[in-house]
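Written below as structure tokens is the structure these notes are about.
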Amino acid sequence: MNINETIQNIRQDLFKMQDTKYGDFHAKLMPDIDRELVIGVRVPMLRKYAKDLSKKEEAAAFLSVLPHKYYEENNLHAFLIQGISDIDLLLAELERFLPYTDNWATCDMLRPKIFAKHKDRLLERIHQWLASDHTYTVRYAIGMLLVHFLDEDFSPEYPKLVADVKSEEYYINMMRAWYFAEALAKQYDSILPYIENKVLDVWTHRKAIQKAIESFRITDEQKAYLRTLK
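Our numbering puts the sequence shown at residues 439 to 668.
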């Protein structure tokens with residue numbers, strides 16, 4: 439079977455799992471993606487399909503083809519990358535894929551568990567990704583700082599990396615706001631000066647406060663103070 443046949447067969451499988459109403463709903467969450475490019479496959483079904491596909495030769499053929507046409511094909515690609523157990527191969531595939539990531543949902547669901555064992559390698563890439571001119575590569579870098587470097591591996595240099603990102607892109611600044619809201623919940627004393635001194639741009643500053651106030655991990659006293667800093 440050649441690559442074109444493999445891609446066509448996989449696409450047919452995805453359409454067999456189609457839920458049109460789910461596709462209608464999900465497409466509304468991604469205004470930058472044409473509705474016709476969203477098949478409408480529920481995430482648990484797609485994860486299971488990716489797990490099964492990863493055991494077959496067709497997986498490598500699918501990963502070799504970029505760009506994809508459909509949103510679910512990109513998500514399938516992301517799930518296949520997550521299943522790679524070799525860190526060098528995973529990073530190589532991730533580098534190939536990130537430039538083709540074209541929406542926040544695909545970007546945010548790509549969270550390889552293997553990074554927990556290779557945080558030094560991940561951090562090296564984060565520095566590179568932050569310098570990218572591609573919206574979702576930068577968003578991904580910030581997301582990885584949020585997921586992997588706000589707990590025991592936290593360092594004061596990391597929020598500075600996020601604060602130093604200057605962008606007019608909504609999906610970058612929303613992730614920056616989410617990062618600082620999460621950071622307030624986990625590293626309040628270290629992060630508070632960024633809010634008190636208004637280090638962030640106005641929109642991101644206000645959004646970070648809003649999201650932090652919505653968190654149950656922020657105390658009522660902290661929320662009251664944060665409201666004074668809007």
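Using N, Cα and C, we set each Cβ at its ideal position, and we do this for glycine too.
- Of the other Cβ atoms in all chains shown, 16 or more fall within 10 Å of the Cβ of Ile-448; this residue is therefore buried.
- Taking every protein chain shown into account, the CB of Arg-563 has 16 or more other CB atoms within 10 angstroms, so this residue is buried.
- For the pair His-643 and Lys-636, the CB atoms are nearer than the 7 angstroms cut-off.
- The continuous stretches of alpha helix (DSSP H) do not include Phe-654, and DSSP gives it neither H nor E.
- The three-state reading of DSSP puts Thr-544 in helix, counting H, G and I together.
- Each residue's CA atom was taken as its position, placing Asn-442 and Asp-639 some 47 angstroms apart.
- Pairing Lys-624 with Leu-588 gives a Cβ-Cβ distance under 7 angstroms.
- In this structure the segment 508-520 lies against the segment 537-556, because at least three pairs of beta carbons, one per stretch, are closer than 8 angstroms.
- CA-to-CA, the gap between Phe-463 and Asn-541 works out to about 16 angstroms.
- Secondary structure of Met-612 (DSSP, three-state): helix.
- In the assembly as shown, Lys-645 is a buried residue. Its beta-carbon has 16 or more other beta-carbons within 10 Å.
- DSSP, reduced to helix, strand and coil, places Leu-504 outside both helices and strands of the structure shown, so it counts as coil.
- Close CB contacts of Val-585 within its chain, under the 7 angstroms cut and outside five residues either way in sequence, are with Arg-549 (chain order).
- Thr-573 is classed as buried because its beta carbon has at least 16 other beta carbons within 10 Å across all chains shown.
- One alpha carbon belongs to Leu-504, the other to Glu-533, and they sit about 12 angstroms apart.
- At a cut-off of 4 residues, the continuous stretches assigned as alpha helix (DSSP H) that sit fully inside the segment 458-518 are 458-466, 481-491 and 496-501.
- Judged by their CB atoms, Arg-577 and Tyr-609 are nearer to each other than the 7 angstroms cut-off.
- One thing to note: Leu-514 has its Cβ no nearer than 7 angstroms to the Cβ of Ala-543.
- When Leu-527, Ile-445 and Asp-490 are compared, the shortest CA-CA separation from His-506 is found for Ile-445.
- In the displayed model, His-556 falls within coil according to three-state DSSP, outside both helix and strand.
- Remark: C-beta atoms of Leu-475 and Tyr-509 approach each other more closely than 7 angstroms.
- In the three-state reduction of the DSSP assignment, Phe-592 falls in the coil class, being assigned neither a helical nor a strand state.
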